[in-house]
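Colleague:
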Amino acid sequence: MKSYLYYTGCIAASVMASGSALAQEAAEPVQQYSTGIQDIVVTATKRSENLQKVPIAISAVSAEALEGGRIEGVKELDMTTPGLTMTNGGFVQTPFLRGVGSSDPTAGQEAPIATYVDGVYQPMPWANTIPFNNVERIEVLKGPQGTLFGRNATGGLIHIVTKDPTDELSGNFSASYGNYDTYTAKGYLASGLAEGVSADVAAYYSNQRDGFGKNLFNGDDIFTSEDFAVRSKLLIKPGDRTRITIAGDYRYQNSTNAYNYRLVPGTVAIDGSTATPGFYDVNLDLSPKIKMEIWSVSARIEHEFDPFTITSVSAYQDAVIRLNLDNDGTASNTVGAQTDAAISKAFSQELQISSNPGAPFRWIAGLYYLDMKAGFGGPKGIQLFGSDVIGGGLAVDIINVIYTKSYAAFAELGFDIGDSTRLTVGGRYSRDERKLRARTVLDAAPLGNDPIMTLSEDNLKTHFEEPTYRIILDHDFTRSVMGYASYSRGFKSGNYNTSNAANPAFKPEILDAYEVGMKGRFLDGTLQLNAAAFYYDYSNLQLVEHTGNTSNVINAAKSEIKGFEIDGIIAPTNNLQFHVGYTYLDGKYKDFKTAGCFYPAPGGGNTLTTCDVSGNPIVRTPRHAVNLGGDYTVPTSVGDFRLAMSYYFNSGVIFSPEERLKQGAYDVLNGSINWTSENSRFRVSLYGKNILDRKYVGYMIAQTIGDTQVASPPRTYGLELGYKF
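Under my numbering, think of the first position of the sequence shown as 23, with each following residue one higher.
#1: Please determine if the segment 675 to 684 and the segment 132 to 144 are in contact, where contact requires at least 3 C-beta pairs separated by less than 8 Å.
#2: What first and last residue would you give for the alpha helix (DSSP H) that runs through alanine 85?
#3: For glycine 744, I'd like the list of residues in its chain whose CB is within less than 6 Å of its CB, leaving aside the five on either flank, ordered along the chain.
#4: Go ahead and pull the three-state DSSP assignment for aspartate 100.
#5: Three-state secondary structure (DSSP) at glutamate 742?
#6: To the nearest angstrom, how far is the alpha carbon of glutamate 47 from that of tyrosine 604?
#7: To which residues of the same chain is phenylalanine 663 closer than 6 Å at the C-beta, ignoring the five residues directly before and after it?
#8: Closest by CA to isoleucine 474, which one among Asn522, Val463, Leu482?
#9: Would the beta-carbon of aspartate 589 fall within 7 Å of that of aspartate 559?
#10: By how many angstroms is the C-alpha of glutamate 582 removed from the C-alpha of valine 122?
#11: Assign alanine 381 to buried or exposed, taking buried as 16 or more other Cβ atoms, counted over all protein chains shown, within 10 Å of its Cβ.
#12: Tell me the DSSP bridge mates of tryptophan 697?
#13: Between the alpha carbons of tryptophan 317 and proline 104, how many angstroms are there, rounded?
#14: Starting from arginine 231 and walking both ways along the beta strand (DSSP E), at which residues does that stretch end?
#15: Indicate the three-state DSSP secondary structure (helix, strand or coil) for leucine 650 in the structure shown.
#16: What do you reckon, are the CB atoms on phenylalanine 118 and arginine 444 nearer than 7 Å?
#17: Can you give me the C-alpha to C-alpha distance between alanine 724 and phenylalanine 407, rounded to a whole angstrom?
#18: Between phenylalanine 671 and proline 644, what straight-line distance do the alpha-carbon atoms span, to the nearest angstrom?
#19: Would you mind reading off the limits of the beta strand (DSSP E) that contains serine 409?
#20: Tell me which residues share the same chain as serine 734 and place their Cβ nearer than 6 Å to its Cβ, disregarding the 5 neighbours each side in the sequence.
#21: Just the C-alpha distance for asparagine 692 and leucine 191, rounded to the nearest angstrom, thanks.
#22: Exposed or buried, which one is tyrosine 210 when buried takes at least 16 other CB atoms within 10 Å?
#23: Given this structure, state the Cα-to-Cα distance separating serine 56 from threonine 548, to the nearest angstrom.
#24: Spell out the partners DSSP gives leucine 191 in its beta bridges.
#25: First and last residue of the beta strand (DSSP E) that includes proline 117?
#26: Would you say glycine 748 and glycine 625 are within 7 Å of each other, going by their C-beta atoms?
#27: Within the chosen definition, does the segment 609 to 626 reach the segment 291 to 306 through at least 3 CB pairs nearer than 8 Å?
#28: For valine 575, name the three-state secondary structure that DSSP assigns.
#29: Going straight from the alpha carbon of lysine 684 to that of glycine 288, what length do you get?
#30: Count the other CB atoms within 10 Å of the CB of aspartate 16; is the residue buried (16 or more) or exposed (fewer)?
#31: Look up proline 287 in the DSSP assignment and give the residues it is bridged to.
#32: Below 7 Å between beta carbons: does that hold for alanine 224 and asparagine 156?
#33: Drop a sphere of 10 angstroms on the beta-carbon of leucine 345, count the other beta-carbons inside from all chains shown, and report buried for 16 or more, exposed for fewer.
#34: Mapping the DSSP letters down to three states, classify leucine 73 as helix, strand or coil.
#35: Would you list the one or two residues that DSSP bridges to glutamine 275?
#36: Give the straight-line distance between the Cα atoms of glutamate 324 and glutamate 161, rounded to the nearest whole angstrom.
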């Protein structure tokens, strides 16, 4: 396959996995060239459109780009996406896009960077651990998506588009072995079953048996993981105007990569403990473990009438997670947690009606409904124990479940103003109804004992509603250069704190975004350059505050983020391509006089005080970030040899609003050397991740019991064999 596909998503003929596949506007080419960068198509507006013609900032990454750069999950997308920063806390990854994000993965909470799979919203923070083995492309939409993808998408969204099954029998399989005794197998098979009926199945299995580090308390390996995932699609075309897609998936994880807390070097914990000497080692009396199961089903039905197309998208997702968590990061029984069952069950339904090609205006309208139950369920919920919680071998069971019903209506209209200028206006109205059923029980530790007495019981309810909207004006300066200006508003609903029912519900956050940008092709199609400058005005920014026993979401009063980004592709030939990305961010708290700040206490641990952090940088917002990629293919008589790499530089982030916990500048290099046979059926790949073996943390927490951190993975490498037909 030619290297120009490496960073450019997929060519126009291969898409249609989301957005209407029947009655889309034709993806108008920017300008055709015999060599260089080819046109790509995305579905960011729920229509198939040329990436260079969509007047919003989007990064698109193809399956081949993911494979060449060894990007194996959402947690590594920041390697290829300007403006995206991933926070890795273990079993869940939390994205920050242009400084907007949330580090709260608690059951019942939703992220401001929404994740979608084939147009279906993934409401659970754990669901973004999706392994990539049947992906067509990934689209990262930047800025508030308050109209078409309005569900809590304050800062943007990640849209994973999977392959559609083909009528002809095809498949690909691979197996690899890497350091840390890691075995991985992947497979994909697609075929026609009958006239107008086709199906596929994708399977993934990985087992890392040796850990990156040790738990010095008992000698166990940590940072080990066993993962299994399977996904299948059934595509039915009963006629030329109707298309039905039924999909289902199942994911399982059994891992010790569940918040392996190590004390931050220099920290003295509340029990007098200090950090372990090994960067990947911990000293925990409760070994971190996690077992997670997620399954989902969805049905997409599309039918084209003469003037418009109607689309129905129905989905159900069920997740259960059980984990051991040593909150204090020490060998002392200060704070530990075990979950009987953190649950999340969600049903969603969306109805869309959109104009067909040839209509005088481009329009789409729809209704959206979400019914979700999430929190700490089961007989025990989450059980907290230890000397800082309660002594005498006792525990506190927190059985808190949030019930959400969300309703929304949306519409967007686009029309031409002359031959080269277009105006797009859209709006959405959302209403969220929240109910919290909370019960706190005194129990005997560990899990499995009978409760002693009920300490508290609450049934609370509230609701939040807000209109969101956007307006975009774009203009073609030439056939291959487009500019745009936009204003949009994003809304992330308020909610209750799942782990602390005593706190009142926190407020919704509102983001008003102003952006100007350009997209262009230059130098006879060998240079593609997209750039955007933006200003975000943030109200009631939702932040997580940790006390040791619980984590609580609080609201910062006002914040602002301003910056710009460049996303470029240089393709001198069809066999050589470079990707260059740069992001500058200046995010500050404008008015935050009541922040929770942690400072070291004389006897160990931290003291929580209220302080004014107005003017301080927003957490997890790097000032500078660089993305570089390269792909070079050498055709020979015995097959193609391909060298691919991806490089990411982060100038550093802070993890607490008082700027005390910081990760300094770091960089990560991934790459692979590949050979593909002349008939393209056989492949051998030698790959490496974090090749420079940088030691950096993915997560830091300031809390009363002491400062803790979680390490990001070290250098990994291996050999992969593949076959396709």
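Glycine included, every Cβ here is placed at the ideal spot set by N, Cα and C. Computed from a predicted model, the values in this text were never measured in an experiment.
Modeller: In brief:
#1: No: the two stretches stay apart, fewer than three of their Cβ pairs being nearer than 8 Å.
#2: Run containing alanine 85: 85 to 90, per the alpha helix (DSSP H) assignment.
#3: Within the same chain, glycine 744 has close Cβ partners Ser196, Arg705.
#4: If DSSP states are grouped into helix, strand and coil, aspartate 100 belongs with the helices.
#5: Reduced to three states, the DSSP call for glutamate 742 is strand.
#6: With a pLDDT of only 42 at glutamate 47, under 50, the local geometry of the prediction cannot be trusted, and the value read off the model is given with reservation. One C-alpha to the other measures close to 32 Å.
#7: Val656, Trp697, listed in sequence order.
#8: Nearest of Asn522, Val463, Leu482 to isoleucine 474, Cα basis: Val463.
#9: Not closer than 7 Å, so no.
#10: Distance between the alpha carbons of valine 122 and glutamate 582: 10 Å.
#11: By the neighbour-count rule (16 or more Cβ atoms within 10 Å), alanine 381 is not buried but exposed.
#12: DSSP output for tryptophan 697 lists Phe663, Val706 as bridge partner(s).
#13: Roughly 31 Å between the two C-alpha positions.
#14: Run containing arginine 231: none; DSSP gives neither H nor E here.
#15: The answer is strand: DSSP assigns leucine 650 an E or B state.
#16: Between phenylalanine 118 and arginine 444, the C-beta gap is not smaller than 7 Å, which leaves the two residues out of contact.
#17: Annotation: alanine 724 to phenylalanine 407 spans about 20 Å, alpha carbon to alpha carbon.
#18: Near 10 Å, if we compare the C-alpha coordinates of proline 644 and phenylalanine 671.
#19: It is not in any beta strand (DSSP E) - serine 409 carries neither H nor E in the DSSP assignment.
#20: Asn110, Tyr718, Gly720.
#21: Each residue's alpha carbon lies about 33 Å from the other.
#22: With a threshold of 16 other beta carbon atoms within 10 Å, tyrosine 210 meets it and is buried.
#23: With a pLDDT of 48 at serine 56, under the threshold of 50, the modelled position of that residue is not reliable, and no figure is offered here.
#24: DSSP lists no partner for leucine 191.
#25: Per DSSP, proline 117 belongs to the beta strand (DSSP E) from 115 to 119.
#26: There is no way to answer for residue 748, as the model of the chain reaches only from 23 to 747.
#27: Segment contact: the segment 609 to 626 against the segment 291 to 306, three or more CB-CB distances shorter than 8 Å; contact assigned.
#28: Valine 575 falls in the strand class under three-state DSSP.
#29: One C-alpha to the other measures close to 13 Å.
#30: A question about residue 16 goes unanswered here, because the residues of the chain that appear run from 23 up to 747.
#31: Beta-bridge analysis with DSSP links proline 287 to no other residue.
#32: In this structure, alanine 224 lies near asparagine 156, with their beta-carbon atoms less than 7 Å apart.
#33: The Cβ neighbour count for leucine 345, taken over all protein chains shown within 10 Å, is at least 16; the residue is labelled buried.
#34: Correct three-state label for leucine 73: helix.
#35: For glutamine 275, which the question treats as bridged, DSSP gives the partners Asp249, Met314.
#36: Their backbone Cα atoms lie some 22 Å apart in a straight line.
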